[in-house]
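Below you'll find the structure, written out as structure tokens, and then a few comments.
Numbering (the numbering used here), first residue to last: 1089 to 1641.
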């Protein structure tokens, strides 16, 4: 009975340990090396392992060599070595001694190995009694392990039913780890898709070995299904393999494959991309059915940029009951630009809603851009002071500039509000040709004899369109500055002025126009100007002054 019990115990012990010893030690690969230089009593960690230097080869007497350096006595052979303690997760595992000539210490389970990289040289004074301070550079390496990753890649995504016929899927098996993996089995599941082969081996592959940082793959070809609605299919794969010690590693992954139905309905919107301010532009919308199905209940809605206006009383919504395969529908309407933009106005997309195979779809035409060439007028009105005493001179300056890309003919007039007196200067700019970035200005001086705050009215400018088609003028207005007139007995506040400049700064030409434009009026007429009137007026005033002086004499 005792013999039987012993045999059973020995068999259990043998079978329990056999799995741990049945591997080829030469297949073991090492990775994750951690090094450290240790003096006596010091330690370093390599993940869960800690290496501590306990003792070194003992000190020896020293002598002075021919160069005057202290070195170990030549009669004593220094054999560098170190006693090391190994801990795992803070628990003592083993004590070892390593020398320069030692092979690395390898754990019996081949899970780690420890080796010496360097000691002080045998003739270094670190081994001498009075200078004794030896060190050792130690490296610990862990057993490298494989790491499997699987990826499914298709030749495109999404696919289109009836247009695409095949799906080419490649399954990549990648070993991202530091050791080889063997006996790798891969299984691919294609779900509801159909393959060009029904052989089970087509989806189940095996690989004898995949080295570290390497990959293997295989391809399958699937059919694109015939659909009447969009659908997502799932391809999934799993893989497993074994390391040098027979331990299993597994992974899995999946990939979505989209198959879309195509209605082949195309909506386009086009216009000239470059016009002049005086021109009309024709917008054309085309709807086309390039598919194999009838398209029903087509509604098209369009809109225009706020800087344009419709030339006629056109509708921007259309209903089309049906478009048969190969049939087109189109319409046009005209728009007129309200202002210049040399950077181009965005023309919004048209939007269509359709029904194909009882399914609704939304289709857009895409945006376009129209550059509108012409003048861009900037009109500014400024005062030289925000606060003035009663009867004190205030200078008003009106400046006009053209920052567009085409010169224009302009005239400007300003207005004196009630209670303000004109002292001197001109309050208008006679009709003139305004070149690009060549500002014109005029100034005049005003006063007020009553203290109050006054907002000056805007200056008004008229300029021509770039084509002379009769009396086509566009009107715009300047800003309205404020002035506070004070009684002379009161102190004048200190004002922080922000000068108004003709420089556009960071403002776009469109913002500048919007700030100054009034609604364009094709019937606005420039103020009539009598040629030579100002000169005649000056002569008359001179004659009156001369007569008065003669009477006094």
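For glycine and all other residues, C-beta sits at the position ideal for the given N, C-alpha and C.
Between the beta-carbon of residue 1243 and that of residue 1312 there is about 11 Å, and that puts the pair past the 8 Å contact cut. Taking all protein chains shown into account, residue 1189 has fewer than 16 neighbouring C-beta atoms within 10 Å of its C-beta and is therefore exposed. The alpha-carbon of residue 1338 is positioned some 7 Å away from that of residue 1326. The C-beta of residue 1329 has 16 or more other C-beta atoms within 10 Å across all chains shown, which makes the residue buried.
For the 8 Å CB-CB criterion, residue 1270 and residue 1297 form a contact.
For residue 1165, the three-state secondary structure derived from DSSP is coil. Proximity to residue 1576 across 1475, 1374, 1367, 1532 peaks at 1475, based on C-alpha coordinates. DSSP, reduced to helix, strand and coil, places residue 1213 within a helical segment of the structure shown.
Taking 8 Å as the cut-off, the beta carbon of residue 1135 is found closer than this to the beta carbon of residue 1120. When rounded, the separation of the alpha-carbon atoms in residue 1398 and residue 1524 is 29 Å.
Given a length threshold of 3 residues, each whole run of the beta strand (DSSP E) inside the stretch 1127-1157 is given here in chain order: 1131-1134, 1137-1144, 1150-1152. Following the DSSP letters along the chain, one finds residue 1415 in no beta strand (DSSP E), marked with neither H nor E. Scanning its chain for C-beta atoms nearer than 7 Å, with the 5 sequence neighbours on each side dropped, one finds around residue 1265 the residues 1232, 1233, 1234, 1235, 1300, in chain order. Here residue 1510 is exposed. Its C-beta has fewer than 16 other C-beta atoms within 10 Å. One alpha carbon belongs to residue 1255, the other to residue 1359, and they sit about 40 Å apart. By the neighbour-count criterion, in which a residue is buried when 16 or more other Cβ atoms sit within 10 angstroms of its Cβ, residue 1137 is buried. The criterion of a C-beta distance shorter than 8 Å is satisfied by residue 1539 and residue 1478. By a beta-carbon distance limit of 8 Å, residue 1147 contacts residue 1220. Their separation comes to about 4 Å. Boundaries of the beta strand (DSSP E) around residue 1517: 1516-1522.
A contact is defined here as three or more CB-CB pairs under 8 Å, and the stretch 1541-1549 meets this definition with respect to the stretch 1484-1503.
Residue pairing by DSSP places residue 1254 opposite 1311 in a beta bridge. Residue 1504 places its beta carbon 8 Å or farther from that of residue 1362. Residue 1446 is bridged by DSSP to nothing; it lacks a bridge partner.
Take residue 1424, set aside five residues on each side of it, and the residues of its chain with a beta-carbon closer than 7 Å to its own are 1368, 1396, 1397, 1399, in chain order.
Counting along the chain, the unbroken beta strand (DSSP E) around residue 1482 starts and ends at 1482-1490. Unbroken beta strand (DSSP E) stretches of 3 residues or longer found wholly inside the stretch 1168-1243: 1169-1176, 1179-1187, 1200-1206, 1223-1231, 1236-1242, given in chain order. Residue 1427 has its alpha-carbon roughly 34 Å from the corresponding atom of residue 1534. A residue is called buried once 16 or more other Cβ atoms fall within 10 Å of its Cβ, and residue 1168 is buried on that count. When the alpha-carbon of residue 1282 is set against those of 1211, 1308, 1537, 1470, the nearest one is in 1308. Inclusion of residue 1170 and residue 1186 in the CB contact set at 8 Å is warranted, their separation being smaller than that value.
Sorting 1237, 1152, 1246, 1110 by C-alpha distance to the C-alpha of residue 1198 places 1110 at the top. C-alpha of residue 1272 to C-alpha of residue 1447: approximately 46 Å in a straight line. Going by beta carbons, residue 1435 and residue 1462 fall outside the 8 Å limit. Counting the other CB atoms within 10 Å of its CB gives residue 1517 a total of 16 or more, which places it among the buried residues.
In the three-state DSSP reduction, residue 1381 falls in the coil class, being neither helix nor strand.
DSSP lists 1475, 1541 as the bridge partner or partners of residue 1572.
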